[in-house]
Amino acid sequence: MTISVAMTVNGKSVSGKVEARTLLVQFLREHLGMTGTHVGCDTSQCGACVVHVDGKSIKSCTMLAVQAEGAKVTTIEGLAASADKLHPMQEAFRDNHALQCGFCTPGMVMSAIDMVKRHNYQLDEATVRRELEGNLCRCTGYHNIVKAILAAAPAMKSAGV
Amino acid sequence: MTAETGIGARVKRKEDQRFLTGTGRYVDDLPLARATYAYFLRSPHAHAKIKSIDVSAAKAMPGVVDIFTGKDIADAKVGGLICGWVVKDKHGEPHKAPPHPVMALDTVRYVGDTVAMIVANTHDEAKDAAEAIKVDYDVKPANVDLARALDKGAPEVHAAEAPGNLIYDWEIGVKADVDAAFAKAAHVTKIDIVNNRLIPNAMEPRAAAAEYDKGTGNYTLWSTSQNPHVLRLILSAFVLGIPEHKLRVIAPDVGGGFGSKIFCYNEETMVTWAASRVGRPIKWTAERSESFMTDAHGRDHVTHAELALDKDGKFLALKVETIANMGAYLSTFSTAVPTYLYATLLAGQYTTPVIYANVKAALTHTAPVDAYRGAGRPEATFVIESIVSKAAKELKMDTADLRRKNFIPKEAFPYQTPVALQYDSGNYPPIIDEAIKIADYKGFEGRRAEAKSRGKLRGIGFSSYIEACGLAPSQVIGQLGGGVGQWESAQLKFNPTGNVQILTGAHSHGQSHETTFAQLISDKLGVPFENIEVVHGDTATTPFGMGSYGSRSLAVGGSAIMKAADKIIAKGRRIAAHLMEADVADIEFENGTFKVKGTDKNVPLAQAVFAAYVPHNYPLHELEPGMDENAFYDPANFVYPAGTQICEVEIDPDTGVVEVVNHTAVDDFGNIINPMIVEGQVHGGIVQGVGQALLENAVYDKETGQLVSGSYMDYTMPRADDVPSFKLGYKVTPCPHNPLGVKGCGEAGAIAAPAAVMNAVHDALAPLGVTHVPMPATPLSVWQTIQGAQRKAAE
Numbered sequence: 042m043t044i045s046v047a048m049t050v051n052g053k054s055v056s057g058k059v060e061a062r063t064l065l066v067q068f069l070r071e072h073l074g075m076t077g078t079h080v081g082c083d084t085s086q087c088g089a090c091v092v093h094v095d096g097k098s099i100k101s102c103t104m105l106a107v108q109a110e111g112a113k114v115t116t117i118e119g120l121a122a123s124a125d126k127l128h129p130m131q132e133a134f135r136d137n138h139a140l141q142c143g144f145c146t147p148g149m150v151m152s153a154i155d156m157v158k159r160h161n162y163q164l165d166e167a168t169v170r171r172e173l174e175g176n177l178c179r180c181t182g183y184h185n186i187v188k189a190i191l192a193a194a195p196a197m198k199s200a201g202v
Numbered sequence: 149m150t151a152e153t154g155i156g157a158r159v160k161r162k163e164d165q166r167f168l169t170g171t172g173r174y175v176d177d178l179p180l181a182r183a184t185y186a187y188f189l190r191s192p193h194a195h196a197k198i199k200s201i202d203v204s205a206a207k208a209m210p211g212v213v214d215i216f217t218g219k220d221i222a223d224a225k226v227g228g229l230i231c232g233w234v235v236k237d238k239h240g241e242p243h244k245a246p247p248h249p250v251m252a253l254d255t256v257r258y259v260g261d262t263v264a265m266i267v268a269n270t271h272d273e274a275k276d277a278a279e280a281i282k283v284d285y286d287v288k289p290a291n292v293d294l295a296r297a298l299d300k301g302a303p304e305v306h307a308a309e310a311p312g313n314l315i316y317d318w319e320i321g322v323k324a325d326v327d328a329a330f331a332k333a334a335h336v337t338k339i340d341i342v343n344n345r346l347i348p349n350a351m352e353p354r355a356a357a358a359e360y361d362k363g364t365g366n367y368t369l370w371s372t373s374q375n376p377h378v379l380r381l382i383l384s385a386f387v388l389g390i391p392e393h394k395l396r397v398i399a400p401d402v403g404g405g406f407g408s409k410i411f412c413y414n415e416e417t418m419v420t421w422a423a424s425r426v427g428r429p430i431k432w433t434a435e436r437s438e439s440f441m442t443d444a445h446g447r448d449h450v451t452h453a454e455l456a457l458d459k460d461g462k463f464l465a466l467k468v469e470t471i472a473n474m475g476a477y478l479s480t481f482s483t484a485v486p487t488y489l490y491a492t493l494l495a496g497q498y499t500t501p502v503i504y505a506n507v508k509a510a511l512t513h514t515a516p517v518d519a520y521r522g523a524g525r526p527e528a529t530f531v532i533e534s535i536v537s538k539a540a541k542e543l544k545m546d547t548a549d550l551r552r553k554n555f556i557p558k559e560a561f562p563y564q565t566p567v568a569l570q571y572d573s574g575n576y577p578p579i580i581d582e583a584i585k586i587a588d589y590k591g592f593e594g595r596r597a598e599a600k601s602r603g604k605l606r607g608i609g610f611s612s613y614i615e616a617c618g619l620a621p622s623q624v625i626g627q628l629g630g631g632v633g634q635w636e637s638a639q640l641k642f643n644p645t646g647n648v649q650i651l652t653g654a655h656s657h658g659q660s661h662e663t664t665f666a667q668l669i670s671d672k673l674g675v676p677f678e679n680i681e682v683v684h685g686d687t688a689t690t691p692f693g694m695g696s697y698g699s700r701s702l703a704v705g706g707s708a709i710m711k712a713a714d715k716i717i718a719k720g721r722r723i724a725a726h727l728m729e730a731d732v733a734d735i736e737f738e739n740g741t742f743k744v745k746g747t748d749k750n751v752p753l754a755q756a757v758f759a760a761y762v763p764h765n766y767p768l769h770e771l772e773p774g775m776d777e778n779a780f781y782d783p784a785n786f787v788y789p790a791g792t793q794i795c796e797v798e799i800d801p802d803t804g805v806v807e808v809v810n811h812t813a814v815d816d817f818g819n820i821i822n823p824m825i826v827e828g829q830v831h832g833g834i835v836q837g838v839g840q841a842l843l844e845n846a847v848y849d850k851e852t853g854q855l856v857s858g859s860y861m862d863y864t865m866p867r868a869d870d871v872p873s874f875k876l877g878y879k880v881t882p883c884p885h886n887p888l889g890v891k892g893c894g895e896a897g898a899i900a901a902p903a904a905v906m907n908a909v910h911d912a913l914a915p916l917g918v919t920h921v922p923m924p925a926t927p928l929s930v931w932q933t934i935q936g937a938q939r940k941a942a943e
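Line by line, the protein sequences give chains U and R.
With this note's numbering applied, the first sequence corresponds to residues 42 to 202, in that order.
With this note's numbering applied, the second sequence corresponds to residues 149 to 943, in that order.
Quick look at the structure:
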């Protein structure tokens with residue numbers, strides 16, 4: 042049995058027919074072909090699948106597609122204004138070598154943006170490390186991810202994003 | 149132009165744009181028309197006979213396309229998976245080689261062993277159908293406890309082919325010489341250690357997708373592989389029998405490997421095999437639970453070691469007895485890890501004149517164990533650096549001084565160790581001095597006292613590691629039983645418009661080859677960085693190569709690129725000589741331009757390239773057109789990175805929680821191409837080492853063989869708040885035998901860190917009389933150790 046679902050993803054209206062059990066991440070990856078959002082675990086621990094739903098970061102492996110009915114979803118594909126103009130968080134990740142294999146990166150970036158906003162653009166290292174509790178990275182040892190987020194916070198503030 | 153993008157520059161990565169914008173292409177991201185999806189039914193038992201498998205109900209489930217079991221594989225005469233390294237035991241006999249069927253036929257041997265493959269229109273339908281397969285198991289006792297795996301009466305994993313679970317009993321060194329040295333020792337330090345079993349956990353789970361083209365008979369396999377050419381070779385020559393030229397293996401963007409994606413696994417084998425039978429593409433991506441159960445695990449040694457010292461603290465001899473876990477089947481390079489990648493490293497950075505090591509490899513009813521970041525070298529470093537630190541404590545010597553006293557002196561290189569390796573270069577004292585400076589070792593006692601005033605126990609630990617990497621001279625590997633060559637390939641393919649593709653046989657799954665390799669060519673040939681593209685991971689487009697593991701990509705693959713670049717320059721000189729009507733001997737190449745010595749006449753490389761593709765004014769009678777050069781590089785020796793890490797911890801005695809408060813690493817990686825990338829490799833390696841020391845442990849229930857730590861809920865991955873930021877430093881002794889003077893940096897962090905952390909833990913707890921804490925030093929085990937020490941003190 043399929044259910045119709047409609048939502049806004051990265052500013053575009055999308056719809057599809059899904060099974061009741063279809064996860065939001067499956068809808069994004071398999072129905073919409075937006076494979077930037079990744080799946081790294083099956084217990085909602087790794088955070089590779091983090092997207093923004095109505096402005097809040099959520100793990101899209103832990104939300105049914107039908108629960109996002111009518112919502113505004115932003116994924117990693119929807120962050121940059123253009124190929125030349127990345128979001129300040131994406132820019133900071135590149136400048137600080139905060140990614141290696143790139144697999145955890147989409148979720149890291151989405152979590153990090155939400156983190157910076159929730160802390161009103163003011164973060165210290167201990168806060169960033171604590172806030173990254175829901176995102177695993179096996180490559181970077183977190184050192185440069187923490188640096189990138191600390192660098193991105195003032196850049197986001199001055200860019201007004 | 150090239151100074152900003154050449155050797156030594158902190159160049160931002162080419163690969164980041166796609167990874168940061170969600171446009172990377174990992175195996176699971178592939179859009180394959182008419183794809184089916186595979187799901188594997190796995191054994192819930194560690195050891196059982198399969199009495200029967202009934203797939204009839206499952207076959208009738210919605211969306212099911214086909215179901216295959218071990219019998220189908222046996223009927224099709226598919227070969228078993230291979231172990232590619234023949235280790236000869238102490239009697240010169242090759243190791244025991246039990247069969248490794250692609251799917252279990254009548255016996256399952258670990259939780260996760262593959263029982264059936266379900267192919268359906270969707271992943272969910274395949275998974276639903278798996279639940280409808282009825283397997284009647286006769287459960288047998290399991291052999292899970294490594295320390296007792298070789299005991300008489302232990303349940304046998306492969307009774308016929310490997311009686312008593314022994315794969316080999318191997319040794320290196322002369323035992324009599326070591327015994328004689330021990331007889332003269334003023335002091336002997338002994339340790340018993342367990343090197344805990346780890347699960348690699350690359351963030352991208354393993355995945356495979358395969359397609360069969362009926363018209364051409366060609367197969368394409370997309371796999372999360374670190375070495376697609378080797379995977380194709382194994383599948384072709386040993387397992388599936390598909391001729392190499394009819395099988396294309398593509399490893400696109402791969403999300404981390406750490407060794408676990410070197411090996412040939414049964415899922416990719418099955419997906420390829422079944423693609424022609426199903427007549428549609430098949431995709432499979434592991435769920436994380438499957439990765440935990442079936443990725444080859446790492447480490448897992450039980451070791452007793454003894455170090456003999458004279459009255460001044462000079463090392464006289466080392467002897468080591470190790471039991472190494474192989475798991476239930478021999479994975480691709482499993483046999484080499486606890487022998488040639490472990491025992492040959494037991495000299496460490498020291499002049500220990502005689503060393504004897506005995507290694508027994510044991511089968512157990514657990515997942516196969518194979519190379520994991522460092523592969524054998526972290527285990528060796530942990531033995532040496534634990535015993536040296538313990539000896540310093542016993543002799544009441546400064547731990548750094550004892551190391552310095554025994555370092556191989558700079559003048560002694562090349563240095564022949566008593567365990568086969570010849571270290572090519574190194575200079576260890578300046579490394580430890582630099583680490584001591586950065587870590588403010590002198591100020592430590594003050595910090596310890598300050599911590600004590602807050603009720604915390606502070607400790608400091610050293611780890612001075614050596615590793616042999618950049619695998620390695622093919623002939624040496626062959627003599628030691630390795631089944632493959634260990635060179636690397638490169639092709640430099642210039643296009644008529646002057647831009648260039650570097651095709652490499654190495655593979656990047658996070659290591660940044662697209663940037664580092666481009667820097668080499670930008671530097672050497674003066675080609676603008678943005679005009680260079682690195683191509684890797686596709687057997688159809690890249691020259692045969694050995695892939696990436698063992699910190700080899702730059703030392704071996706980069707050297708191949710430099711050789712190819714030399715050929716480009718040599719050909720370009722002849723073209724330029726023709727164009728400028730000069731003698732070839734008078735042509736110089738500098739900053740991307742050919743010049744006639746002593747004149748201002750010049751031809752830029754791009755012009756020579758264009759002339760080679762449009763050879764209207766070209767010496768065709770003596771020179772072929774085109775600018776496309778191949779090179780293969782087989783190294784003369786391993787490379788030997790070395791360094792010292794210093795870790796400082798604080799322990800809360802009330803909770804047993806260990807906090808890493810400072811961690812310093814000073815490394816000698818030879819020349820460095822991109823410091824930003826090298827630092828990233830060290831950071832990541834250290835955290836994997838800290839993970840092993842404090843957090844990670846693959847635990848099987850000793851009775852049932854169930855994997856208890858089978859998810860991120862139970863297996864503690866290091867998180868951002870488990871570690872501090874790191875302090876790094878470098879010393880450089882260039883590698884004397886490769887054209888770049890480079891060593892390798894991929895594994896160093898993980899090799900050195902466990903001993904540094906554990907030595908710090910021991911140092912912190914020493915005032916309580918504690919001499920041993922098992923690894924990982926979890927809050928529970930540290931708290932129990934403290935309680936035990938306090939009870940003992942009260943008695």
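Cβ coordinates follow ideal geometry from the N, Cα and C atoms, glycine included.
query: Three-state secondary structure assigned by DSSP to Gln854 (chain R); result: coil
query: Inter-residue spacing [alpha-carbon to alpha-carbon] between Ser101 (chain U) and Gly52 (chain U); result: 18 Å
query: Interface positions of the segment 142-172 of chain U facing chain R (Cβ-Cβ less than 9 Å), listed along the chain; result: Cys142, Gly143, Phe144, Cys145, Thr146, Pro147, Val150, Glu166, Ala167, Val169, Arg170, Arg171 and Glu172
query: Within 9 Å, strictly: CB atoms of Ala424 (chain R) and Tyr367 (chain R); result: Position check: residue 424 (chain R) holds Ser in this sequence, whereas Ala was assumed. It is a contact, given that the beta carbons lie within the stated cut-off.
query: Close Cβ partners of Glu166 (chain U) (< 8 Å) along its chain, the five nearest in sequence each way excluded; result: Val187 and Leu191
query: With 16 other Cβ atoms within 10 Å as the buried cut-off, status of Met149 (chain R); result: Confidence at Met149 (chain R) is low in this model, with a pLDDT of 44, below 50, so its placement is unreliable and no value can be given for it.
query: Local conformation of Asn161 (chain U) per DSSP, three classes; result: coil
query: Alpha-carbon to alpha-carbon, Gly96 (chain U) and Ala61 (chain U); result: 24 Å
query: Buried versus exposed, by CB contacts within 10 Å (16 or more), Gly574 (chain R); result: buried
query: Every unbroken alpha helix (DSSP H) inside the segment 272-342 of chain R [4 residues or more]; result: 323-331
query: 6 Å CB neighbourhood of Met775 (chain R) in its chain, flanking five on each side removed; result: Phe642, Val757 and Ala760
query: Contact residues within the segment 808-825 of chain R, judged by C-beta distance below 8 Å to chain U; result: Met824 and Ile825
query: Outcome for Gln634 (chain R) when other beta-carbon atoms lying within 10 angstroms are tallied against a minimum of 16; result: buried
query: Within 9 Å, strictly: CB atoms of Ile215 (chain R) and Val256 (chain R); result: no
query: DSSP-derived helix/strand/coil call for Tyr944 (chain R); result: Residue numbering for chain R in the displayed model covers 149 to 943; residue 944 (chain R) lies beyond these limits and cannot be assessed.
query: Own chain partners of Val402 (chain R) with C-beta closer than 6 Å, once the 5 adjacent residues on each side are dropped; result: Thr372 and His657
query: C-beta neighbour in chain R for Leu127 (chain U), strict 9 Å; result: yes
query: Ile723 (chain R) versus R:Pro773, R:Val871 and R:Pro676, residue with shortest Cα-Cα distance; result: R:Pro773
query: Of the residues R:Cys883, R:Lys394, R:Val305 and R:Arg380, the one placed nearest Lys362 (chain R), counting alpha carbons only; result: R:Lys394
query: Closer than 9 Å to chain U by CB, Ala914 (chain R); result: no
query: Pro311 (chain R) classed as buried or exposed, judged by whether at least 16 other C-beta atoms fall within 10 angstroms; result: exposed
query: Partner residues on chain U for Met209 (chain R), Cβ-Cβ distance less than 8 Å; result: What Met209 (chain R) touches in chain U: nothing, since even the nearest Cβ is about 15 Å away.
query: is_contact[Met149 (chain R), chain U] using C-beta, thresh 9 Å; result: Its pLDDT being 44, under 50, Met149 (chain R) is placed unreliably in this model, and the coordinates cannot settle the point.
query: Other residues of its chain near Met251 (chain R): CB distance less than 6 Å, five sequence neighbours each side excluded; result: Gly218, Ile221 and Thr262
query: Assigned exposure category for Ser701 (chain R) - 16 Cβ within 10 Å defines buried; result: buried
query: For Trp456 (chain R), the first and last residue of its enclosing beta strand (DSSP E); result: The sequence as given places Ala at residue 456 (chain R); Trp does not occur at that position. Gly446 to Leu457 is the span of the beta strand (DSSP E), which, as asked, contains Ala456 (chain R).
query: Min CB distance Phe406 (chain R) to chain U below 9 Å; result: yes
query: Every unbroken beta strand (DSSP E) within the segment 675-750 of chain R, with a cutoff of 3 residues, ordered by chain; result: 680-683, 735-738 and 741-744
query: Cβ neighbour criterion (16 or more within 10 Å) applied to Thr663 (chain R); result: buried
query: Whole alpha helix (DSSP H) elements within the segment 593-681 of chain R, 4-residue minimum; result: 622-627 and 661-673
query: Phe411 (chain R): contacting residues in chain U (beta-carbon distance under 7 Å); result: By Cβ distance, chain U contributes nothing, its closest Cβ being about 18 Å from Phe411 (chain R), past 7 Å.
query: DSSP three-state assignment for Ser384 (chain R), whether helix, strand or coil; result: helix
query: Enclosing alpha helix (DSSP H) for Thr933 (chain R) [first to last residue]; result: Pro927 to Ala942
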